[in-house]
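Chemist: Handing you a structure now.
Numbering (our numbering), first residue to last: 334 to 919.
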């Protein structure tokens with residue numbers, strides 16, 4: 334085993350816990366200044382292929398409410414982009430919204446199936462160019478803001494179509510007919526969305542996650558008051574209400590007065606989420622009682638469990654970890670393609686990308702980062718249960734991607750690089766919500782890449798900076814790449830995000846992806862969709878589009894004196910979700 338974050342280092346952290354019992358507190362995010370870091374050494378089968386979906390309402394999975402030992406449960410994890418305006422940020426920041434705001438559709442907590450929420454049923458027309466949602470009547474907004482109707486849905490949609498919006502949902506809405514042609518308010522509880530072409534993605538986009546999670550239904554009355562009111566206290570329909578925030582420190586939510594309209598009965602009166610960048614500080618907070626749950630790397634989870642803590646795990650292994658490479662813009666005519674970037678050059682780029690993959694011992698990383706609780710991902714975002722999966726990738730894996738440092742070194746030599754003449758590569762490292770695995774993986778790569786001729790530099794940044802860089806395809810991102818933990822979603826949605834020029838994925842782009850997406854947008858035939866998605870997968874696999882690592886289940890470490898269990902699917906926009914199923918210890 335190579336020396337990554339060593340166990341003695343972890344034990345050293347634990348040895349000073351008595352010193353941080355008073356002072357550890359929450360760690361405010363640093364200013365968005367990039368600082369170079371010295372390195373010493375996102376499953377059940379997705380149901381998206383149907384054209385018509387009509388769901389039967391299901392009861393909320395609440396057990397009997399119990400009296401919690403604490404009124405406020407405190408959850409510590411990494412940083413987010415702090416805002417109440419959900420349409421301006423991406424999914425890693427949705428922890429700020431899930432307790433108080435709701436989507437049209439929900440995810441069943443144990444099976445990940447899409448089930449009714451604000452919408453009781455939904456269906457499409459024959460070619461899936463129009464989707465109609467039927468709303469539950471009598472849903473009250475917080476603070477006497479009236480009952481939810483399709484006018485609120487339309488107002489919420491407009492926010493994601495605005496110039497201010499940066500959500501992934503906004504990219505999807507580019508396929509909607511322009512202006513008011515894009516939707517029809519049939520009545521107070523029926524609304525139809527009209528697209529330019531066919532799409533099977535509306536159920537995903539309308540749901541709590543598994544590809545969606547960003548389309549939260551907000552109060553038109555409050556939106557009309559002006560966004561200053563929304564910034565002060567956003568109004569929703571969830572079991573919790575927005576309580577407040579201390580910028581740079583955290584956010585909290587308070588149980589809404591009266592019964593929730595769906596009968597959700599959370600055990601805890603308040604939730605507080607604290608932004609804490611350092612993994613070790615989150616461990617310290619948990620052990621000294623300053624938090625009741627913490628997002629921890631697997632190594633620190635192990636140390637916490639030895640001291641009596643428990644692990645709460647998502648119901649399905651739906652997270653995956655990938656290192657994306659900047660500059661991979663191969664669509665014909667893309668002005669952002671730069672052939673001088675070594676790993677995208679027409680002469681040697683393919684060799685370098687294969688070398689970067691073959692230098693990595695994924696089995697060792699699964700043992701080290703995940704303590705064995707993960708499986709190899711053969712192609713980024715492609716899971717055997719989803720569309721377009723090609724079993725041939727597994728057969729070709731050892732030859733094309735399998736761990737072989739000597740072969741990797743030879744490929745780099747063919748490209749003109751060696752340990753004495755290394756290729757420079759920067760990884761933009763950040764800490765984001767429940768993603769402690771990313772930082773550990775990034776630091777481990779130096780042990781694999783340095784011996785084959787890659788001079789790896791790790792630069793600490795922030796998620797917002799990295800996201801802007803790859804979406805803008807700027808010079809910063811072309812200096813290297815970035816790691817990301819992403820939740821499972823339909824690969825059709827991934828193809829949409831990867832397509833040029835309208836997609837926002839901005840990692841690997843090619844004519845093959847663009848052609849496949851154009852074909853998918855004109856059909857509802859599941860076999861044809863599957864065929865086109867597999868073409869995309871083959872293109873990415875054969876061209877070493879990125880560095881795929883593994884699938885794993887999201888885990889949260891908790892104090893069993895306060896928390897008994899938490900049932901959540903792991904695929905919501907906020908990853909951890911279903912706060913009504915966070916059960917207090919008795």
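We put the beta carbon where it would ideally sit given N, CA and C, even for glycine. All values derive from a computational prediction rather than experimental measurement.
Between which two residues does the beta strand (DSSP E) harbouring residue 449 extend?
Modeler: Here the beta strand (DSSP E) through residue 449 covers 447–449.
Chemist: Taking the Cβ atom as the reference point for each residue, do residue 665 and residue 835 lie within a distance shorter than 8 Å?
Modeler: Contact flag unset, no.
Chemist: Given a threshold of 16 other Cβ atoms within 10 Å of its Cβ, counted over all protein chains shown, does residue 485 qualify as buried or as exposed?
Modeler: Buried, since its Cβ has 16 or more Cβ neighbours within 10 Å.
Chemist: Once you ignore the five residues that flank residue 705 on each side, which residues in its own chain have a CB closer than 7 Å to its CB?
Modeler: Hits under 7 Å: 699.
Chemist: What alpha helix (DSSP H) runs, 4 residues minimum, are completely inside the region 724–790?
Modeler: Counting whole runs of 4 or more residues, the region 724–790 contains the alpha helix (DSSP H) stretches 725–733, 738–747, 769–782.
Chemist: Mapping DSSP to helix, strand and coil, what is residue 877?
Modeler: Coil at residue 877, not helix or strand.
Chemist: Please state if the CB of residue 576 and the CB of residue 597 are separated by a distance shorter than 8 Å.
Modeler: Against a cut-off of 8 Å, the Cβ pair of residue 576 and residue 597 comes out as no contact.
Chemist: Using beta carbons (cut-off 8 Å, strictly below), is residue 913 in contact with chain C?
Modeler: Although the question refers to chain C, the structure presented lacks it and comprises just one protein chain.
Chemist: What is the residue span of the beta strand (DSSP E) that residue 520 lies within?
Modeler: Taken as a continuous stretch (DSSP letters only), the beta strand (DSSP E) holding residue 520 covers 516–520.
Chemist: When we look at the beta-carbon of residue 661 and count the other beta-carbons within 10 Å, is it buried (16 or more) or exposed?
Modeler: Buried, since its Cβ has 16 or more Cβ neighbours within 10 Å.
Chemist: Kindly indicate which residue of 905, 632, 404 has the alpha-carbon position closest to the one of residue 648.
Modeler: Residue 648 has its Cα closest to that of 905, out of 905, 632, 404.
Chemist: Which term fits residue 774, buried or exposed, when burial requires 16 or more other beta carbons within 10 angstroms of its beta carbon?
Modeler: By the 10 Å Cβ count, residue 774 comes out buried.
Chemist: Fully enclosed by the region 427–475, which beta strand (DSSP E) runs are 3 residues long or longer?
Modeler: Counting only runs of 3 or more, we get 438–440, 447–449, 452–457, 463–468.
Chemist: Leaving out the 5 sequence neighbours to the left and right, which residues in its chain are closer than 6 Å to residue 494 when beta-carbon positions are compared?
Modeler: If we look at residue 494 and ignore the five residues flanking it on each side, its Cβ neighbours are 506.
Chemist: Could you name the residues of the same chain whose beta carbon sits closer than 8 Å to that of residue 939, not counting the 5 residues immediately before and after it, in chain order?
Modeler: With the chain covering 334 to 919 only, the question about residue 939 has no answer from this structure.
Chemist: When you compare each of 452, 528, 499 to residue 513 by their alpha carbons, which one comes out closest?
Modeler: Among 452, 528, 499, the Cα nearest to that of residue 513 belongs to 528.
Chemist: Indicate, with yes or no, if the ligand FAD has a heavy atom lying under 7 Å from the CB of residue 873.
Modeler: Only the bare structure without any ligand can be found here, which leaves the ligand FAD out of the picture.
Chemist: What does the Cβ neighbour count give for residue 400, buried or exposed, with the cut at 16 atoms within 10 Å?
Modeler: It is exposed - the Cβ of residue 400 has fewer than 16 other Cβ atoms within 10 Å.
Chemist: What three-state label does DSSP hand residue 594 in the structure shown?
Modeler: DSSP places residue 594 in coil when its eight states are reduced to three.
Chemist: The beta strand (DSSP E) that contains residue 644, what's its start and end?
Modeler: 643–646 is the span of the beta strand (DSSP E), which, as asked, contains residue 644.
Chemist: Take residue 817 as the anchor and find which of 722, 617, 760 has the nearest alpha-carbon.
Modeler: Of the candidates 722, 617, 760, the one whose C-alpha sits nearest the C-alpha of residue 817 is 760.
Chemist: State the start and end residues of the unbroken beta strand (DSSP E) segment that holds residue 630.
Modeler: First-last for residue 630: undefined, no H or E at that position.
Chemist: Is the region 861–878 in contact with the region 717–724, if contact means three or more CB pairs nearer than 8 Å?
Modeler: Cβ pair count under 8 Å is three or more, so yes.
Chemist: Excluding the five sequence neighbours on either side, which residues of its own chain have a C-beta within less than 7 Å of the C-beta of residue 846, listed in chain order?
Modeler: Cβ neighbours of residue 846 beyond the five flanking positions: 828, 831, 832, 869, 872.
Chemist: Apart from the five residues just before and just after residue 434, which ones in its own chain have a Cβ nearer than 8 Å to its Cβ?
Modeler: Closer than 8 Å at Cβ, skipping near neighbours: 419, 549, 550, 551, 567, 569, 570, 571.
Chemist: Exposed or buried, residue 855, counting other C-beta atoms within 10 Å across all chains shown (16 or more means buried)?
Modeler: Classification for residue 855: exposed.
Chemist: Hey, could you find the ends of the alpha helix (DSSP H) residue 600 is sitting in?
Modeler: Counting along the chain, residue 600 falls outside any alpha helix (DSSP H), and DSSP gives it neither H nor E.
Chemist: Among residues of its own chain, excluding the 5 on either side of residue 891, which ones have a beta-carbon nearer than 6 Å to its beta-carbon?
Modeler: Same-chain partners within the cutoff: 626, 643, 645.
Chemist: Buried or exposed: which applies to residue 639, given that a residue is buried once 16 or more other Cβ atoms fall within 10 Å of its Cβ?
Modeler: Residue 639 is exposed by the Cβ-count criterion.
Chemist: Between the region 616–623 and the region 880–888, do three or more beta carbon pairs fall short of 8 Å?
Modeler: Touching, no.
Chemist: Name the two residues that bound the continuous beta strand (DSSP E) containing residue 812.
Modeler: It is not in any beta strand (DSSP E) - residue 812 carries neither H nor E in the DSSP assignment.
Chemist: Have a look at residue 917 and residue 895 and give me their C-alpha separation to the nearest angstrom.
Modeler: Residue 917 and residue 895: Cα-Cα distance of roughly 6 Å.
Chemist: Which residue from 778, 715, 595, 510 puts its Cα closest to that of residue 789?
Modeler: When only C-alpha atoms are compared, the closest one is 778.
Chemist: When the Cα of residue 686 is compared with those of 500, 461, 657, 702, which residue comes out closest?
Modeler: If we check each option's Cα against that of residue 686, 657 comes out closest.
Chemist: Taking a contact to mean a Cβ-Cβ separation below 8 Å, would you say residue 553 touches residue 488 in this structure?
Modeler: Against a cut-off of 8 Å, the Cβ pair of residue 488 and residue 553 comes out as a contact.
Chemist: Grab the span of the alpha helix (DSSP H) containing residue 713 for me, first residue to last.
Modeler: Note, residue 713: premise wrong, no alpha helix (DSSP H); not H, not E.
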